[in-house]
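If you're matching them up, the sequences are chains A and B in order.
Read in order, the letters of the first sequence are residues 1 to 516 in our numbering.
Read in order, the letters of the second sequence are residues 517 to 916 in our numbering.
A quick write-up on the structure given underneath.
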Amino acid sequence: MKMIENAVGRLIPEEIEGRKLRPFAGVYADKGGGRKAAPPIPAASLYRNKLLKSLDEAIDACEIKDGMTISFHHHLRDGDYVVNMVMERLAARGLRDLVLAPSALFPCHEPLVNLIEKGVIDHIEGSMNGPVGRACSLGKMKHVSILRSHGGRYRAIQDGDLHIDVAFIAAPCADSHGNANGVYGKSACGPLGFALADSLYADKVVVVTDNLVPFPCYPWSIEGGNVDYVVQVDSIGDPQRIVSGTTQITRSPTRLLIAKYAAQLVYESGLMHEEPFSFQAGAGGISLAFIQYLAEYMEKDGIVAAFARGGSTRFLVDMLRRGLTKYILDGQSFDLVGVESLRDDPRHIETNPFVSYNYHTKGCFASMVSVSVLGATEVDLNFNVNVNTHSDGWLLHGIGGFTDAADAQFTIITAPLVRSRLPIIVDEVTTVTAPGEMIDAVVTERGIAINPRRQDILDRLRRTDLPIVPIEKLYNIAHDLSGEPEKPEFTDRIVALIEFRDGTVIDVVRQLVPKS
Amino acid sequence: MSNVARAGTEIKSDLIVEIERRDGGGIDLDVQSSVGALFGGQIRRVVLATLNELGVKNAAVRIQDKGALDWVIQARVEAAVRRLWPVEGPGVVPERKVRWEHAPKDRLRRTRLYLPGNNPDLMLNAGLFGPDAIILDLEDSVAPSEKDAARVLVRNALLQVDFMASERIVRINPMSTEFGPADLEMIVPVSPDTLLIPKCETVEDVTSVAEKLDELEAAHNVPWRIHLMPLIETARGVWNAYDIAAASDRVVALAFGAEDFTADIGAERTPEGKESFVARSLIVLGAKAARVQAIDTVYSDVQDMEGLIKSTEESVALGFDGKGVIHPSQIEPIHKVFTPSPERIEYAKKVVAALKEAEARGSGVATLGTKMIDAPIVARARKILRLAKAMGLVSEEDDL
Chain A
1 MKMIENAVGR LIPEEIEGRK LRPFAGVYAD KGGGRKAAPP IPAASLYRNK LLKSLDEAID
61 ACEIKDGMTI SFHHHLRDGD YVVNMVMERL AARGLRDLVL APSALFPCHE PLVNLIEKGV
121 IDHIEGSMNG PVGRACSLGK MKHVSILRSH GGRYRAIQDG DLHIDVAFIA APCADSHGNA
181 NGVYGKSACG PLGFALADSL YADKVVVVTD NLVPFPCYPW SIEGGNVDYV VQVDSIGDPQ
241 RIVSGTTQIT RSPTRLLIAK YAAQLVYESG LMHEEPFSFQ AGAGGISLAF IQYLAEYMEK
301 DGIVAAFARG GSTRFLVDML RRGLTKYILD GQSFDLVGVE SLRDDPRHIE TNPFVSYNYH
361 TKGCFASMVS VSVLGATEVD LNFNVNVNTH SDGWLLHGIG GFTDAADAQF TIITAPLVRS
421 RLPIIVDEVT TVTAPGEMID AVVTERGIAI NPRRQDILDR LRRTDLPIVP IEKLYNIAHD
481 LSGEPEKPEF TDRIVALIEF RDGTVIDVVR QLVPKS
Chain B
517 MSNVARAGTE IKSDLIVEIE RRDGGGIDLD VQSSVGALFG GQIRRVVLAT LNELGVKNAA
577 VRIQDKGALD WVIQARVEAA VRRLWPVEGP GVVPERKVRW EHAPKDRLRR TRLYLPGNNP
637 DLMLNAGLFG PDAIILDLED SVAPSEKDAA RVLVRNALLQ VDFMASERIV RINPMSTEFG
697 PADLEMIVPV SPDTLLIPKC ETVEDVTSVA EKLDELEAAH NVPWRIHLMP LIETARGVWN
757 AYDIAAASDR VVALAFGAED FTADIGAERT PEGKESFVAR SLIVLGAKAA RVQAIDTVYS
817 DVQDMEGLIK STEESVALGF DGKGVIHPSQ IEPIHKVFTP SPERIEYAKK VVAALKEAEA
877 RGSGVATLGT KMIDAPIVAR ARKILRLAKA MGLVSEEDDL
């Protein structure tokens with residue numbers, strides 16, 4: 001296997017299993033080119049009655065065969081029933097070697113491990129975490145899997161790198177024509193944007209709903225003109241686990257301290273005062289606390305954000321209602337307040353990865369965000385970030401929107417410096433998810449490292465009482481506390497590719513040799 | 517006596533050590549750890565070295581670890597061994613990783629963060645939250661069955677954990693219990709700044725600790741005279757407040773414990789705190805008469821920040837110098853309340869300047885405007901400036 005060193009110093013095979021790979025060449029090295037993929041041309045006269053009686057009828061109608069690629073979205077998160085429901089039926093028909101293309105998987109999808117072991121699923125393109133990630137680490141997939149960011153997934157589908165044969169789109173609300181949204185019904189989840197590319201480019205599109213309403217179902221996040229069939233089922237998911245009733249801020253004093261430092265950094269660096277200000281922070285414990293502290297600073301100085309990028313939660317909605325942000329641009333809702341606000345407030349706007357994250361567009365708004373706050377499992381001395389594998393080598397997380405959101409003008413990683421003895425700062429990350437040139441600061445409870453590329457920000461922070469230190473110092477503090485960890489052991493076999501948002505390969509994941 | 521002993525807890529950053537005494541066969545060690553792939557070898561090395569140092573030759577040892585650091589592993593192994601075998605000498609004392617200057621007698625003590633003595637996880641980052649002091653508690657937060665294990669853990673923590681600028685206080689058990697003297701034997705040799713004496717009621721409660729300290733400090737070359745902070749939490753203690761404060765020159769402050777006190781006098785604890793008003797005042801009086809600090813009780817509702825601020829304002833109004841803290845989120849609000857306003861700092865600066873000017877003129881009487889400045893005004897001004905300086909609100913050059 002011929003290997004090429006990419007721009008972050010990782011060795012990437014030139015070709016794997018007949019697939020030619022492009023090594024990562026730099027964040028903005030890719031200049032586009034070529035033609036987008038296109039789905040078959042249909043005729044409206046053939047789509048007068050799309051409503052089928054059961055999933056089995058839909059599977060029959062789609063003529064699913066061995067080796068086909070089947071896709072799903074993850075807006076129902078850990079409450080999703082549809083992935084398991086469809087895959088079990090496909091398995092029951094004796095289908096094999098299917099490629100699973102979800103936008104993300106959750107612990108509730110553990111039954112897929114069995115289907116991987118049986119050969120029903122050949123490999124995964126998109127995302128995986130938890131139990132399915134473990135199976136991948138152990139080399140249980142027949143062929144190499146591909147991990148893509150949310151924007152990268154849209155790009156791959158749009159560009160034809162990922163051809164979807166059949167897309168199953170779980171819909172909390174749909175009509176018999178296939179128009180669908182995520183804001184009404186018992187399984188309401190908020191936006192449906194992760195399914196947009198699937199609906200536009202798949203050969204066949206099946207909308208699966210537990211809330212069939214008379215035409216027209218509006219808003220139509222998914223447009224019926226792209227949908228082949230509609231199936232009604234009893235339930236598409238467990239509402240309790242689709243959105244939490246109410247998201248909670250962390251009570252951990254350490255995490256609160258990290259959030260406070262991050263907000264203070266945004267304030268004292270002057271980033272908050274540069275108009276137009278905007279920010280992105282997710283639903284993790286530190287992020288929610290960050291939003292709270294940020295809101296206090298904004299209120300103090302009378303700052304109003306042009307927009308806030310969701311994952312929406314009650315905390316972001318609260319800022320919208322208090323006039324601290326003009327809009328929420330929402331990719332997914334994490335709690336009921338978020339869902340209701342998206343449904344009822346015209347300033348709360350549904351987005352999809354095309355408008356927010358896709359690099360192969362004529363501009364997407366990820367790069368317009370002033371400050372993005374993200375988590376990580378490891379950061380190395382070059383500021384390279386790993387969000388996929390843990391230090392012990394297990395593949396446990398998808399990329400999510402990480403590489404896309406890190407395109408913000410200032411990207412902050414927040415994480416405890418030492419987490420149950422594991423140091424977050426390492427000399428070399430186990431897996432490179434994003435290159436250090438995208439990362440501007442790492443905020444921990446024991447110090448803040450600013451990327452030396454951001455001398456402008458360092459200059460502005462000369463008089464701060466924030467604990468600004470070189471990243472080497474954070475490394476030393478962490479390793480002095482935890483001791484020197486051993487390294488995980490891998491075989492030579494590549495089990496997954498980590499794709500950058502432009503379609504190049506930034507790193508590979510190898511099969512793990514588990515320690516007894 | 518059983519042949520099996522366990523020590524440790526299931527919380528993160530801790531481990532459970534289970535040791536079974538055997539007659540032969542050497543050490544049979546099984547390690548399960550959440551970080552086994554990365555630290556399994558290190559955990560094994562630390563466990564085996566600790567057993568070896570304690571002279572344990574034959575045993576079956578099971579470890580269930582959740583990311584404990586070496587000094588915690590050592591403490592848990594030692595505690596389990598001590599439950600099975602008599603240990604001669606000090607045990608396995610880790611090297612001193614952190615050195616600090618002994619806290620001055622009158623240092624700032626606005627906040628003292630309580631840390632349960634058997635919980636390593638809460639100790640690790642405690643210094644980061646900036647309390648003026650941390651209290652490693654061997655008393656009420658530790659069950660009687662775990663006193664021995666907590667003692668070893670606290671000893672190791674004092675040597676290994678960087679509590680940064682915080683004063684290191686250990687709350688020992690009362691000397692009247694079997695635990696108190698044993699606490700001193702193990703803790704004094706590693707030289708904490710200060711000991712908090714609980715349920716203090718009489719002069720003897722202080723002198724009994726002080727005498728033992730004289731002896732242990734000499735025997736173990738402790739580099740300083742350890743301070744004492746009697747904790748008054750009974751009617752009798754309140755009544756003897758001054759005598760307790762004056763019982764030893766080691767005493768740096770009197771502290772008040774409202775929970776036990778209200779129970780002792782047969783009252784309920786109320787939000788207004790009428791039931792403890794007189795007691796708190798008497799403690800302030802007793803402490804100030806003996807020229808030491810007075811520290812108020814904790815505010816126990818960690819969610820209620822408004823209540824905390826109100827209660828702290830009351831502490832300040834009564835003359836207290838600080839307050840107990842049970843959650844890091846209480847630290848900043850309390851520090852804010854204890855921070856003198858800019859107006860008061862400005863006024864204090866003027867007072868001191870006027871006094872200096874008068875001294876330079878050789879005049880005994882200083883005036884500010886039309887007002888004569890007498891000794892108490894100067895004393896209060898100096899106290900405000902000292903606080904302000906400690907909080908970094910005035911520059912070091914500002915002369916007191």
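All C-beta atoms, glycine included, are put in the ideal place defined by N, C-alpha and C.
For residue i: DSSP bridge partner residues
i	result
F490/A	L512/A
G225/A	G225/A pairs with nothing; no bridge assigned.
A308/A	F279/A and I328/A
C173/A	N181/A
L712/B	R687/B and M745/B
K204/A	V166/A
Q809/B	A769/B
R19/A	I16/A
Q580/B	I532/B and Q548/B
W628/B	Looking at the sequence shown, residue 628/B is not Trp but Arg. Per DSSP, A649/B and G840/B.
Among the options, nearest to residue i - alpha-carbon criterion
i	options	result
M745/B	A726/B, A891/B, K887/B and P606/B	A726/B
G541/B	T566/B, Q558/B, V572/B and G557/B	V572/B
P690/B	L675/B, L711/B, P705/B and E859/B	L711/B
G908/B	E875/B, P856/B and A891/B	P856/B
K613/B	S724/B, E848/B, S879/B and N672/B	N672/B
P253/A	G151/A, T444/A, L52/A and G34/A	T444/A
D301/A	R453/A, R493/A and H273/A	H273/A
L713/B	S827/B, S707/B and D699/B	Strictly speaking, residue 713/B in this sequence is Ile, with Leu absent from that position. With distances taken between Cα atoms, I713/B lies closest to D699/B.
M639/B	L567/B, L652/B and A665/B	L652/B
F315/A	S356/A, D380/A and Q248/A	Q248/A
I286/A	C173/A, L497/A, P416/A and R134/A	P416/A
I781/B	T750/B, I543/B and S911/B	T750/B
I169/A	D159/A, V86/A, P219/A and V113/A	V86/A
Residue i: contacting residues in chain A (beta-carbon distance under 7 angstroms)
i	result
S831/B	The premise fails here: S831/B is roughly 22 angstroms from chain A at the closest Cβ pair, so nothing lies under 7 angstroms.
S529/B	S420
Whole-Å CB distance - residue i paired with residue j, under 8 angstroms assumed
i	j	result
L192/A	N179/A	About 11 angstroms separates the two Cβ atoms, so there is no contact after all.
A810/B	G773/B	Actually they do not touch by this definition, with Cβ atoms about 13 angstroms apart.
P632/B	S657/B	4 angstroms
S176/A	L212/A	7 angstroms
L554/B	S391/A	6 angstroms
H74/A	A104/A	4 angstroms
C189/A	V339/A	7 angstroms
D165/A	D203/A	5 angstroms
T414/A	A283/A	So it is not a contact: roughly 13 angstroms between Cβ atoms.
R155/A	N386/A	About 22 angstroms separates the two Cβ atoms, so there is no contact after all.
A195/A	I222/A	6 angstroms
L434/A	A408/A	According to the sequence provided, residue 434/A is Ala. The question's Leu does not apply to it. Actually they do not touch by this definition, with Cβ atoms about 12 angstroms apart.
L162/A	E125/A	6 angstroms
Chain B contact residues for residue i, given Cβ-Cβ distances below 8 angstroms
i	result
G483/A	F555, Q558, L585 and D586
Per-residue contacts from residue i into chain B (C-beta, under 9 angstroms)
i	result
P488/A	A553 and L554
L288/A	Neighbours of L288/A on chain B: none; closest Cβ ~15 angstroms, over 9 angstroms.
S244/A	Within chain B, no residue comes near S244/A; the closest Cβ sits about 20 angstroms away, beyond 9 angstroms.
D392/A	V551, G552, A553 and L554
Closer than 7 angstroms at the beta carbon, the chain B residues around residue i
i	result
K515/A	G552, A553 and G556
E445/A	N641 and L644
Contact list for residue i against chain A, beta-carbon separation under 8 angstroms
i	result
S845/B	P253 and L256
K582/B	S420
The ligand SAM heavy atom lying under 8 angstroms from the CB of residue i
i	result
L288/A	Ligands displayed in this structure: none; no statement on the ligand SAM is therefore possible.
Q.
Within 8 angstroms, do at least three Cβ pairs link the region 681-688 of chain B to the region 716-724 of chain B?
A. no
Q | Any 3 or more C-beta pairs closer than 8 angstroms across the region 824-839 of chain B and the region 599-619 of chain B | A | no
Q) Do three or more CB pairs link the region 448-458 of chain A to the region 386-406 of chain A at distances below 8 angstroms? A) no
Q. Does the region 89-103 of chain A touch the region 115-124 of chain A, meaning 3 or more C-beta pairs lie closer than 8 angstroms?
A. yes
Q.
Across the region 588-596 of chain B and the region 616-623 of chain B, are there enough close Cβ pairs to call them in contact, namely three or more that are closer than 8 angstroms?
A. no
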